[in-house]
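Enquirer:
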Amino acid sequence: MTRKLKNSELDRKTIAEFRAADKTPLLIILDNIRSLNNIGSVFRTADAFLIEKIYLCGITAKPPHKDIQKTALGATDTVAWEHQEDTLALIKSLRSKNVKILSIEQAENATLLNDFTPERNQKYAIIFGNEVKGIQQEVVSESDSVIEIPQFGSKHSLNISVSTGVVVWDLYNKFRP
Numbered sequence: 018m019t020r021k022l023k024n025s026e027l028d029r030k031t032i033a034e035f036r037a038a039d040k041t042p043l044l045i046i047l048d049n050i051r052s053l054n055n056i057g058s059v060f061r062t063a064d065a066f067l068i069e070k071i072y073l074c075g076i077t078a079k080p081p082h083k084d085i086q087k088t089a090l091g092a093t094d095t096v097a098w099e100h101q102e103d104t105l106a107l108i109k110s111l112r113s114k115n116v117k118i119l120s121i122e123q124a125e126n127a128t129l130l131n132d133f134t135p136e137r138n139q140k141y142a143i144i145f146g147n148e149v150k151g152i153q154q155e156v157v158s159e160s161d162s163v164i165e166i167p168q169f170g171s172k173h174s175l176n177i178s179v180s181t182g183v184v185v186w187d188l189y190n191k192f193r194p
């Protein structure tokens, strides 16, 4: 029989311990995300996998907001974040700091996530787009690569918080020695 762990047994980091911990070399960029629940879910995923920072761009709402907090469950206190009005200007600035830009999108000549191998000692920014329109075309065009999550059903559409979880988990595992 397997016993479910109690919360006290989960070895949870304090806010200070999280901030001091070595981070996964990933930045998350949310490009015009409408749903406050999706934003909160992305914060929780970022906390779970020690993501360095989230950039909230365009119309993407910022903490504190009760609907973000409802799904973030405190992760807005651990994960660093910043609001930027212009996603395109942000990625140009990050690229000047040697950050590789990856759009997570369905596009011509996209690399399937399972075929993508990140370079060691390279920081990446992964961009997730609006729930209806996806990532702005000019942002996709400026990206270093486009990564597509393979899908095999009839919809070929994942919720942005699910997409974030899939991509971050995959890249987190690829970064581990």
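Numbering (the working numbering), first residue to last: 18 to 194.
Every residue, glycine too, gets a C-beta built ideally from N, C-alpha and C.
Taking the Cβ atom as the reference point for each residue, do F60 and T93 lie within a distance shorter than 7 angstroms?
Expert: Numbered from 1 along the sequence shown, position 43 holds the residue referred to as residue 60. Numbered from 1 along the sequence shown, position 76 holds the residue referred to as residue 93. In contact: F60 and T93 (Cβ atoms closer than 7 angstroms).
Enquirer: Rounded to a whole number of angstroms, what is the C-alpha to C-alpha distance between S162 and L129?
Expert: Reading the sequence shown from its first residue, position 145 is the one you call residue 162. Reading the sequence shown from its first residue, position 112 is the one you call residue 129. One C-alpha to the other measures close to 11 angstroms.
Enquirer: Taking V163 as part of the beta strand (DSSP E), name the residues at either end of that continuous run.
Expert: Taking the sequence shown and counting its residues from 1, the one referred to as residue 163 is at position 146. Counting along the chain, the beta strand (DSSP E) containing V163 begins and ends at 162-165.
Enquirer: Would the beta-carbon of K83 be found less than 6 angstroms away from any heavy atom of the ligand FAD?
Expert: For the ligand FAD, the structure offers nothing, since it holds no ligand at all.
Enquirer: Helix, strand or coil: how does DSSP classify N24 here?
Expert: Your numbering for residue 24 matches position 7 in the sequence shown. N24: helix per DSSP, three-state reduction.
Enquirer: How many angstroms separate the CA atom of P14 from the CA atom of R193?
Expert: Lying before the first or after the last residue shown, residue 14 is absent from the chain, which here runs from 18 to 194.
Enquirer: Starting from the N-terminal side, write out each stretch of the beta strand (DSSP E) that is 3 residues or longer and does not extend beyond the region 47-97.
Expert: List check, beta strand (DSSP E) in window: 68-74.
Enquirer: Reducing DSSP to helix, strand and coil, say where N199 ends up.
Expert: Residue coverage of the chain in this structure runs from 18 to 194, which leaves residue 199 outside it and unanswerable.
Enquirer: By the 10 Å Cβ neighbour count, where 16 or more other Cβ atoms means buried, how is G91 classified, buried or exposed?
Expert: Your numbering for residue 91 matches position 74 in the sequence shown. Exposed.
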